[in-house]
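Below is one structure, written out as structure tokens; comments come after it.
Residue numbers (the working numbering), protein chains in the order written: chain F, 88 to 348; chain A, 8 to 932.
Take a look at the structure:
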């Protein structure tokens, strides 16, 4: 595989397979074009060097091979666009019906808050006025829906083999939730809530990158996606719920990153 | 100008090759010169300096990426580079010998004592906050990143392509005595220069230079660089915006000039399809600059308003930065900036590449000694490219939450735009076939350009598709992609151009030996720098990480490339030394150049070397295409475009080498120069107002409540009448002059000016009313306290569901620390008098006069009308100048004065038209 040779991150998702296929095809296409074109180029430079060709031809190439080549390039690009790229994208942006886990990702300088709706499946109300050091997303404690909600800082857990939907937004500036191993990335834009979905197929830990410059700590804004087996995932949720009941309030966020000044 | 050009002929006939005519002071000849060649050289030298500065910034960043957290001083620099090189050599040889290799570690950083004076030069230069002890701070890394991009694009590459080559070569190639508007040309250089100085000065304001990337995405760019004890207008990001406004202005002046010169000043017989391709590339580029830059200017104005006046064009409601609620009216959208930014910045990509392709085309034709293959398809492809480049901007925004329909459109346009690019590249490559290729230094760079540009183009394919872009977006893959287009691409074209036209400009050849010593290391090192970036990007390494990915698990296998790239970049710096020596040394020691040292065909080689003021010693007349090399049946292998075939002093002395068509229309275009100029300028003005108007549409569509009735419609209507009348008087003034009735024209002109002033007076009254009018946003939970009083009175109360606030407006009677007293505005048709209402400040979320920051409505109202007022003031100043000093020109040349009034009138009518559009949009709808 050409893209593996180039060092692509190992794909750990169901939805990444097709994207890798398109990436692979694109790179073969590029390679063939470049090599073919490069051979012609180098041969031309050698063949028509002044020492071998003291007098230039006024007309040069008289056939229309290049037109055919141009049309084939356009044809292949068009085929890639209509046959693969557009369908793939429409597959990325629809809301999956079989989504079993729904999480909200609320970015801030310089960390990720993950908001789980809890057993009731309803996200509690949030209000920016309630944001404090121990309530990083401004969850309204008086809203009945928020009673069982869980908030996890910089650590996101999902069960393996399930379709995960993450609604992304931001408290302050634009961030980007980039998960190379799941082949997903989406801007987290304040004032909007944009969903993305993926389906992890391999248990493991994956780094969540902030892919959009967000200030001095941008380079260290890291989240961790932990893809658990179904049992581990349940255990994690229970542990979180217990922790929440114990502290009665949402956990104090760790200083998300240490920024050297 | 008129006098100087007439005098110039005499000096030519006596002394061919004089640089400028002798009656001018040194200052006018070399500093504030209006000669396009001097301006071109000024651009060249200034932009090359900026190229070096931008490159140095990247070297500082590359140090940080290669050796994160290490102090940058001479000692460590030598140490680290030698360790890196020996480690590199060691690990490569270990692959062949099979022996295990243990890399030598870098010494630990020395402890930093902030109490002591800064130990390094960089620490002293950039201050303790930026480079404490020579170690780069993250904010400073971001500043350097933002400024590297800004400087390279706006202060180095574009000025080199359009400012230097566009100014120096293009007028010569079209056979013109100078640019169409020489004074404008001088202004355009000096505006650029000031913009550059402003940009660089931002490093030395408290807080440092802009640090939100060259793209300056809000809200980051709005909330950053806001210091408690320093005015926002003078902080890094604001200075960046101010610098950009200068650069945009300079670009606009330059592009109007370029288009007019090509259209109006083409030599006799130089039909459109006989233009050298370089001229075509300048023509399309100028249109891109003219139409794409104004929306960015409008966006810059709005960002400045957000930063300084507290408006919310790009700020949504409910932002919490660093745990604190941001107190702005909200309701804006960050994506609006991205749309306006990329609407410029994508055409800008073609601004960066088209003139480069133009230079390469010239050099290839000359050094293959045969015509360019498919000249016509090149020209049409360029036009198509320019046109489609306005329709692809959102492919930079695939990850903003784009739906299928929109993304399909932009993916399709992106694929479509690859078609002309492929056609252009193919034409250039096929042009080599059948040639008799000589590898002069310019040709080496032009040849290398082709595969480098090819790599840049090909790696655009996976980025063009939104699905594959998901993985590659904002990784080093993207960095590699666009640098291949611009660095070994365009910069190679620039070098080719410098080596190619240097003899014409200076009369000396550059050393081919030093040229080759420059070319080969540069070519190899460029690839060493940018090729590994594709691997890093494939591995998922993202851009703008100030530790270079050292702390990331996923980057552990690719982070070592940073060291390799870093060393290559330092070596690339060294590789430029032969060029610098060659550039300056050849002035003195270079071999003397003949008038046509490359045996080229286009018109610039029919001038004396270096060309004097007015350029040509005889009127150039063209009877053939641009690339007539190796014409069958000819003894010599090139036929020059000029009918005199390169004899620089052939023919009768020029009967008229003044700039033609300043007064009378050019027969084939039907326009005199200034009229074409003003139409182009108005086109850019349309784009400027359209940019702000798009903000109006965005804000209004996104608003939960759009306020009505805050403006005095009758005053607005009165002002509309005033402006319409002023257009009529303006027209009468011009018509009177056409009929040679100067007195009557002056009277009408005075009436126009007075009407303009009257409009400003009414506007001032309207503005001051707004500043005395207040509004308070009462919290939902406290509203019940005031509900009865307000309702009984019939006060106008607006509920904002998004923020859950009740808005009460009125005249402010009194304000104390605890409460405000308002005389509320009443609903329409309520017969009673308003009574004072006391509102406790504890119940109020925010309150204030109708300043721009009060709400989105007032933000857009003040910005749009303010911009309009500035235009009106500009118009009044120019008309007043004509009123008081116009008689002088009128006595010399009445038609000229009539033309000037016509051109000003067009601008005046445009400003009126803007108002006629603004009035219903703001007051009525």
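In this text, a Cβ means the ideal position worked out from N, Cα and C, and glycines have one as well.
- Taking 7 angstroms as the CB threshold, residue 176(F) lines the interface with chain A.
- Contacts with chain F (Cβ-Cβ distance below 9 angstroms) from the stretch 463-480 of chain A involve 465, 466, 468, 469, 471, 472, 473, 474, 475, 476, 477, 478, 479 and 480, listed in chain order.
- With respect to residue 689(A), residue 917(A) sits close: the two C-beta atoms are nearer than 7 angstroms.
- Beta-bridge pairing by DSSP links residue 813(A) to 785(A) and 806(A).
- Rounded to whole angstroms, the Cβ separation of residue 765(A) and residue 879(A) is 11 angstroms, and the two are not in contact under 8 angstroms.
- Taken through DSSP and simplified to helix, strand or coil, residue 311(F) comes out as strand.
- Residue pairing by DSSP puts residue 198(F) in a beta bridge opposite 195(F).
- In the three-state scheme derived from DSSP, where H, G and I count as helix and E and B as strand, residue 157(F) is classed as helix.
- In the three-state scheme derived from DSSP, where H, G and I count as helix and E and B as strand, residue 671(A) is classed as coil.
- Residue 283(F) is bridged by DSSP to 253(F).
- It is roughly 36 angstroms from the alpha-carbon of residue 513(A) to the alpha-carbon of residue 132(A).
- The alpha-carbon separation between residue 210(A) and residue 152(A) amounts to approximately 12 angstroms.
- Put simply, the stretch 580-594 of chain A does not touch the stretch 71-91 of chain A. Fewer than three CB pairs are less than 8 angstroms apart.
- Counting only the Cα atoms, residue 613(A) lies some 15 angstroms from residue 273(A).
- With contacts defined as CB atoms closer than 7 angstroms, residue 264(F) and residue 192(F) qualify as a contacting pair.
- For residue 826(A), same chain residues with a beta-carbon under 8 angstroms away, outside a window of 5 residues either side, are 845, 846, 847 and 848 in chain order.
- Judged by DSSP in its simplified three-state form, residue 549(A) adopts strand.
- Residue 638(A) and residue 644(A) have their C-alpha atoms roughly 7 angstroms apart.
- Within the stretch 300-325 of chain F, 300, 301, 302, 303, 304, 305, 306, 307 and 309 place their CB atoms closer than 9 angstroms to a CB of chain A, listed in sequence order.
- Using a CB distance below 7 angstroms, the part of the stretch 416-427 of chain A facing chain F consists of 418, 419, 422, 425 and 426, ordered along the chain.
- In the three-state DSSP reduction, residue 243(F) falls in the strand class (E or B).
- As summarised for the stretch 337-386 of chain A, the continuous alpha helix (DSSP H) elements at least 4 residues long and confined to that stretch are 341-375, given in chain order.
- At a beta-carbon threshold of 8 angstroms, the residues of chain F lying near residue 231(A) are 302, ordered along the chain.
- Excluding five sequence positions before and after residue 256(A), the CB atoms of its chain that fall closer than 6 angstroms to its own CB belong to 198, given in chain order.
- Taken in chain order, the complete alpha helix (DSSP H) segments of 4 residues or longer contained in the stretch 448-530 of chain A are 448-465, 467-471, 473-479, 483-492 and 499-513.
- For residue 549(A), the nearest CB of chain F lies under 7 angstroms from its own CB, placing it at the interface with that chain.
- Remark: fewer than three beta-carbon pairs, one from each stretch, lie closer than 8 angstroms, so the stretch 107-115 of chain F and the stretch 290-309 of chain F are not flagged as touching.
- Collapsing the DSSP output to three states places residue 855(A) in a strand.
- Across the structure, residue 170(A) and residue 162(A) are spaced so that their CA atoms are roughly 10 angstroms apart.
- For residue 852(A), the closest Cβ of chain F is not nearer than 7 angstroms.
- Under the criterion of beta carbons closer than 8 angstroms, residue 443(A) and residue 375(A) qualify as touching, at roughly 7 angstroms.
- The Cβ neighbour count for residue 434(A), taken over all protein chains shown within 10 Å, is at least 16; the residue is labelled buried.
- With a 10 Å radius around the Cβ and a threshold of 16 neighbouring Cβ atoms, residue 410(A) comes out exposed.
- In the structure shown, residue 556(A) falls within a coil segment according to DSSP collapsed to helix, strand and coil.
- With a cut-off of 8 angstroms on Cβ pairs, the stretch 151-169 of chain F is not in contact with the stretch 186-204 of chain A, counting fewer than three such pairs.
- Within the stretch 214-241 of chain F, the residues whose Cβ lies closer than 8 angstroms to any Cβ of chain A are, in chain order, 215, 216, 218, 219, 220 and 225.
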